[in-house]
Structures are given as C-alpha cells and as structure tokens.
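These protein sequence lines map, in sequence, to chains A and B.
The numbering used here puts the first residue of the first sequence at 6, with every later residue one more than the last.
The numbering used here puts the first residue of the second sequence at 6, with every later residue one more than the last.
Beta carbons are placed, not taken as given, at the ideal position from N, Cα and C, and that holds for glycine.
2 protein chains.
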Amino acid sequence: MTELQNDIFLRALLKQPVDRTPIWMMRQAGRYLPEYRKVRAQAGNFMGLCTNPELACEVTLQPLERFRFDAAILFSDILTIPDAMGLGLYFAEGEGPKFERPVNSAADIDKLNVPDPVSDLSYVVDAVSLIRKNLNGRVPLIGFSGSPWTLATYMVEGGSSKSFQKVKAMMFDQPALMHKMLDVLAQSVAAYLNAQIEAGAQAVMIFDTWGGSLSTEDYQEFSLNYARQIRSLLKTESEGRQVPVIFFTKGGGQWLESMVDVGFDALGLDWQTDIANARQRVGDKVALQGNMDPVTLYASPDVIRMKVKSILEKYGAGSGHVFNLGHGILPDIDPHHVEAMVEAVHEFSPQYHV
Amino acid sequence: MTELQNDIFLRALLKQPVDRTPIWMMRQAGRYLPEYRKVRAQAGNFMGLCTNPELACEVTLQPLERFRFDAAILFSDILTIPDAMGLGLYFAEGEGPKFERPVNSAADIDKLNVPDPVSDLSYVVDAVSLIRKNLNGRVPLIGFSGSPWTLATYMVEGGSSKSFQKVKAMMFDQPALMHKMLDVLAQSVAAYLNAQIEAGAQAVMIFDTWGGSLSTEDYQEFSLNYARQIRSLLKTESEGRQVPVIFFTKGGGQWLESMVDVGFDALGLDWQTDIANARQRVGDKVALQGNMDPVTLYASPDVIRMKVKSILEKYGAGSGHVFNLGHGILPDIDPHHVEAMVEAVHEFSPQYHV
Chain A
6 MTELQNDIFL RALLKQPVDR TPIWMMRQAG RYLPEYRKVR AQAGNFMGLC TNPELACEVT
66 LQPLERFRFD AAILFSDILT IPDAMGLGLY FAEGEGPKFE RPVNSAADID KLNVPDPVSD
126 LSYVVDAVSL IRKNLNGRVP LIGFSGSPWT LATYMVEGGS SKSFQKVKAM MFDQPALMHK
186 MLDVLAQSVA AYLNAQIEAG AQAVMIFDTW GGSLSTEDYQ EFSLNYARQI RSLLKTESEG
246 RQVPVIFFTK GGGQWLESMV DVGFDALGLD WQTDIANARQ RVGDKVALQG NMDPVTLYAS
306 PDVIRMKVKS ILEKYGAGSG HVFNLGHGIL PDIDPHHVEA MVEAVHEFSP QYHV
Chain B
6 MTELQNDIFL RALLKQPVDR TPIWMMRQAG RYLPEYRKVR AQAGNFMGLC TNPELACEVT
66 LQPLERFRFD AAILFSDILT IPDAMGLGLY FAEGEGPKFE RPVNSAADID KLNVPDPVSD
126 LSYVVDAVSL IRKNLNGRVP LIGFSGSPWT LATYMVEGGS SKSFQKVKAM MFDQPALMHK
186 MLDVLAQSVA AYLNAQIEAG AQAVMIFDTW GGSLSTEDYQ EFSLNYARQI RSLLKTESEG
246 RQVPVIFFTK GGGQWLESMV DVGFDALGLD WQTDIANARQ RVGDKVALQG NMDPVTLYAS
306 PDVIRMKVKS ILEKYGAGSG HVFNLGHGIL PDIDPHHVEA MVEAVHEFSP QYHV
C-alpha cells in the first residue's frame, strides 16, 4: 500500500500531535453536490449506487476534488447488514429506507444469521478496496456501520420511525428476544467492520443514530452494551498501524462518560453538546469529533467562519479534535458554504497546535 | 374559591412534604380517550375544540373521571399566541399545525404586537375560569404556554419542522431580528400566563419543546434567556398561595444546571435523562417532573408497573417529584395501560414519603 500523504485525521483520533485540526464531514459524498446527483441518476437509485463498487468509489472521491478534507468515508448505507440478512431493503421515493420483511416475532429473530461480509456483502468490501486504491495515499479511508440498536430499530419498525413503538415494545415486553437480536447484530457489525479494515479501511465509525431515543438505563443495556461487544471483537491494527474506532450516539451528550469507559478512541458529538464541556468531562481518554450545527451551513459564509472559530476555540489547544458537523450535511446546502467551513478550519486551527 | 381537596401536586412542586408522589400526564386530555374523540368530532376540528370554553372544559375534566390524577391541565394548543398575533393558525389533516402568514422578514416582525389575553385570547381565559369552577377544588389546574423559542420555530417555519432551517438561518444571520421577535414573544407569554393565573390557574408550565434543537450556546442565548425574562414577569402568588412555575426543555437534559439558575420551581425531564442523576445535579433547588418513556405505555401492565417502580426508586425519598411521562402520551395508547401507571404511582410511592 502507498504511504499516507496526509495522516492528521488518524493522528488526531489518537491524540498525537498535528499541525492543524483535521476536518471531514458526515455525508460529505451526497446530494448537496451536483456531481453526486449526476452519478446517482446514472445508477438509477440509491441502492444501485451503493451496490456498484465503481460508482460508490467515484462518489466517495468527489468531495475530495472540491474541498480540502482530511479523510474519505466509504459511500454506503447503514442498512446493508439487515439487507444481507434477507430483510429486503428498498427505498420508496421520498420516504426513506424500508424493509420488505421486517422482524416481528421470535421466529423471525431465530432466522437471523451473521452475514459473511466477503460473500454476502462483497459489493462493500470491493468498494473499500477500490476506493483505497484510487485514494492512492491522499487521505485515510473511514469504514462504518450502524450500531446494533440503530439497525434493530429499522428492522423491527420496517423503516424509519418517529417514536419507535414496535422496537421499544419488543425491548420492554421481550427483553431476552431483543438481546438475542442485538447479539447477532453485534457479531455481524464486528465481522463487517473487520472485513472493511482488511479491505483497507484505516479507521471505523459506528453510527448509533437512534441511541438517543432511549432512557439512560435502556441505552446502557440495549445500545452501549453491544457497542462494547463490537469494540472487543474489532481488529485493533492493520498495515502496522492502529485502526481508531469512533463511536457516535446522536442525542447521547449526557452519556459521554459511559462511552469513554468502553474504550473507543474517539467520540462523535452532536451539536447540542458543548465541546468545551465535553472535553473537560472526557479528559485525555478519547478524541472528540464534531460538532457544528448542520443548519449553520445555511447561514452566510461570514457567520460560518465565525462559528468554526468558536468551536475550535472551545476545544482549545492540543490534539484530539477532528472537526465535523454534529450530524450529516443537509441535501440542499450550497457547496460554497461547505468550502467556507473547510477553509476556516484550515485558517484558524493551526494556532491551537503550536 | 373552594378550598383545594388535593394539593399534593402543588406541595411537591415546592418540595413541601406529601404522603405520596403526585401524578399527572402530558396530553392527558387527548386522542387516546374515546370520550375525547367524541367531543372532538362534535367540535368539528381541533381549533374548534380549543376555542370553545365549554368543550375545552369538558375534555380537560375527562381524564380525571377515569384516573386518579393529581392535577388538571388546561386543554389548549401551544400556538394560540401566534394565532392571536394574526398569523392564521390552522390544522391540515394529518400534517400538524400550520400558519397562513408565517414570519419571513423584518417587516413581518415589526408588525408583531403583544396580544392582550383578555380581549384577544378570551376563549382561553374563559376556559380557565370555567374549568376552575367545574373542578370545584378537586385538584389544582395547570396553565401553560409554549416557550418563545418554540413559538418562533413554528412562526418562521410556518409549521412543524425537522431541521429548523428557516428559523435557525434567521437566528444565525440576523440575530438582532431574532432577539426582537423573541422579546415580543416573551412579553406575550408572560402576559398570557399571568392572565391564566388571574383566571384561576394554580401552577404554570412553559413547554420549550424545541429548545433541544439548539447548540448549548444558542440555547442559552435564544431560548433560556427568554424563559428567564418570562420568569421575572410572572405573578408569583395568587389567592394567597405561591404559583409554581415548571419549565421543560425536551432534549435539554445537559442544561439542567443553567435552568436551575433561572429560578424555576420545577423542571420537566424527558425520559432520556436519568432522574437520579438529575436530582443529584439540581440538589434541593428545584422539584423534578417526569420522566417515563411514553412508549413504555405500549408495554404490558406488568412492565409498566415495574418501570414506574424503578423511576420512583431512582428519585428516592422525600418530596420534590411529580410523576409524569417524559413527553406527551401517544394517541393510540390503551387507557388501561395509563391506569396501570397511575395505580402503580399510588401503590409504590408512599414508602418514599414516610
């Protein structure tokens, strides 16, 4: 493999010295880019894009052509695992992800098996290899997966949900069944992320998008426990280098201390959480990734620059900060506003690394 | 006015001794009750129900006939103030609240005036008087309003919103304009709540439903600041008795300390926040109201009882806890499950008040 030309993202995740704060952006390969929309149209639909390694590679690299980002992230969907389990993922136009065969019963859960990533999710593994090859050492590649709890919400609800009635009713009334399902999912996520690491992912991120819908005790029992199981099963090194793990529970700002205890290298922060306060609470134990309000990108470039400055200042001096939004970029943002954010991080962050 | 026969709700809000934990439920007068649906059908639509004091009174009292609740809450909508400001509130079937004339510009904001509750919102004031009369001292009556920030989100977005693009873009790009709007709203909410208190409300609650969409610093500046202004303008006593103020920011569990500093009597807790941890953090300064996950009510009555027990135990011994859900009841809950919750509070809470 080619030597990395820019490794500040990986170094910051491990709190090693860097000369400026690295930046990437959740959903950086996405609908706000006209060149993405073109490839997506060519692919026919979203899953057509995800399952075609050449096109997935192409859109993964697009934002790097425009912006001085310090990492690429695999273009894929968080629901590839349940799809490989046979649930039949599809996207109804304007409605988000759906499953043809949601999980409703003990019998459904009995049928769930850990997919073999190499055979059942070869399109992802192939995309990772291809992206890594085409990156040619420019910046590191991030692999990712949804968390077991987050995957379970879609699998039981049959799609997106507002109040998570079905999945929580199962959790409350049949906790043993829910644990069984989450255990299969944790094994599946670990195998999936390990396959991505073997194919070339240099860091991995677990998206616990819906962990924040749980009470504190249910979060510990049904979400964080399975993130812990994954952590213990993940490869810690690849190509002679540590593979950092980032864990992100949207809406989980109250629970950072318990996430730190699991032993992740970095935690994603949503924008509601104050990054100065978060740094005080987590101490030197983890790096922090985030956390500008994604809606800030609708504001004028001057305001964006000011907000970037403020977040950098709040984190303060020293390594351990990866700049990002607090959630994925919204689809109708002007790319010039993204540029304002990226350039502001390049301009204002070196002073915190002297 | 008749002497209150059951004042444990008011006493608990002031952390005075009680013999058991009081309970009421957000949206306790609502769609999960068949008798509510009947009156609502009779009224034609939701606003028809809100603006008819007799019908509003009838539905306010309905849940008290079924359940041993310790408070009644005025049946109304949080958007009555912007409607009285001339924005034209309406409810599109299945789509939630909308405004015919949203606030889009400095000119729109210039036109906003503080409504006179007695003339412009007489249907609310009349409903409060009528409910109070019909309660006849059974339990106290809670008045309420949306918070200025929460009202502003609907007024600028023109209805419900997922990402609050328009209102936040105004906040980021034109903060002075946003402050002007929030100041008018804070004055309006204070006048509105004071009118409810004069008409007979014995406690008031401010619903900051969307404060949790903000970053910590934006929350302080654009939401909590105006709750503070309201607090300072509210009548503190009526009929020789203190009128407790409850403040509830959904998604605001990280910010309890700063809410305490404002001087509210009680804070509402969403279900994500651990009530034992919250009590440690707020100390003896405020009472806490909450905080069972509303989805728990889909579970079996046995599970509901267990969860009630667990929350009571977490709060622990002493006054200062009002049992509630962490958000409004969902519309398709079985009323028998509500009964299981209420009865469990009656059964398990006396041991914490000996």
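- For B/Phe169, the neighbours in chain A by C-beta distance under 7 Å run, in chain order, Val300.
- With its beta carbon at least 8 Å from every one in chain B, A/Lys20 lies outside the interface.
- For the pair A/Ala195 and A/Gly321, the Cα-to-Cα distance works out to about 34 Å.
- With respect to chain A, the C-beta atom of B/Thr158 has no partner C-beta closer than 8 Å.
- Around A/Thr56, the same chain offers Tyr128 as residues with beta carbons nearer than 6 Å, after the five sequence neighbours per side are excluded.
- With a threshold of 8 Å between beta carbons, A/Phe177 makes contact with chain B.
- Of all C-beta pairs linking the segment 216-228 of chain A to the segment 132-148 of chain A, fewer than three are shorter than 8 Å, placing the two stretches out of contact.
- Taking 8 Å as the threshold, the shortest C-beta distance from B/Asp279 to chain A falls below it.
- Taking a C-beta distance under 8 Å as the contact criterion, B/Ile211 and B/Ser263 do not qualify as a contact pair.
- Within the same chain, Met90, Val189 come within 6 Å of B/Leu117 by CB-CB distance, once the 5 residues on both sides are set aside.
- Here B/Arg233 is buried. Its C-beta has 16 or more other C-beta atoms within 10 Å.
- The beta carbons of B/Tyr224 and B/Trp260 sit closer together than 8 Å.
- A/Ala61 and A/Arg36 have their alpha carbons spaced roughly 14 Å apart.
- By a beta-carbon distance limit of 8 Å, B/Leu272 does not contact B/Met297. Their separation comes to about 16 Å.
- If only complete runs of 4 or more residues are kept, the segment 28-108 of chain B shows the alpha helix (DSSP H) at 39-48, 51-55, 58-71, in order along the chain.
- By the CB criterion at 8 Å, B/Leu19 and B/Asp213 fall outside the cutoff.
- When C-beta distances to chain B are compared with 9 Å, the residues of the segment 213-240 of chain A below that value are Gly217, Ser218, Leu219, Ser220, Thr221, Glu222, Asp223, Tyr224, in chain order.
- Under the three-pair Cβ rule at 8 Å, the segment 10-28 of chain A counts as touching the segment 307-327 of chain A.
- Those residues of the segment 250-270 of chain A placed with their C-beta closer than 8 Å to a C-beta in chain B are Gly256, Gly258, Gln259, ordered along the chain.
- Chain-ordered listing is empty here: chain B has no CB closer than 8 Å to the CB of A/Ala345, the nearest sitting near 13 Å.
- When B/Asp131, B/Lys185, B/Leu126, B/Ala132 are compared, the shortest CA-CA separation from B/Trp154 is found for B/Lys185.
- For B/Asp115 and B/Gln33, the gap between their C-alpha atoms comes out near 37 Å.
- Under the DSSP assignment, A/Gln201 falls outside any beta strand (DSSP E), being part of the alpha helix (DSSP H) whose first and last residues are 180-204.
- Interface annotation for the segment 300-325 of chain B against chain A: Val300, Thr301, Tyr303, Ala304, Ser305, Val308, criterion Cβ-Cβ distance under 7 Å.
- Taking all protein chains in view, the Cβ of B/Arg73 is surrounded by fewer than 16 other Cβ atoms within 10 Å, so the residue is classified as exposed.
- The alpha-carbon separation between B/Lys319 and B/Ala349 amounts to approximately 15 Å.
- Chain B places a beta carbon closer than 8 Å to that of A/Ala174, counting this residue as a contact.
- Distance from the CA of A/Gln47 to the CA of A/Gln285, rounded to the nearest whole angstrom, comes to 47 Å.
- Counting along the chain, A/Ala283 sits inside no beta strand (DSSP E); it lies in the alpha helix (DSSP H) bounded by residues 280-287.
- For B/Thr254, the three-state secondary structure derived from DSSP is strand.
- B/Trp276 has a beta carbon lying within less than 8 Å of a beta carbon in chain A.
- Cβ atoms of A/Tyr303 and B/Ala174 come within 8 Å of each other, at about 4 Å.
- In terms of beta-carbon proximity, B/Leu335 lines the interface with chain A, with at least one pair separated by less than 8 Å.
- At the C-beta level, A/Lys290 and A/Val250 stay beyond 8 Å of one another.
- Using a Cβ distance threshold of 8 Å, A/Ala208 and A/Leu15 count as a contacting pair.
- Taking 8 Å as the upper bound for CB-CB distance, A/Arg45 and A/Leu54 are in contact here, some 6 Å apart.
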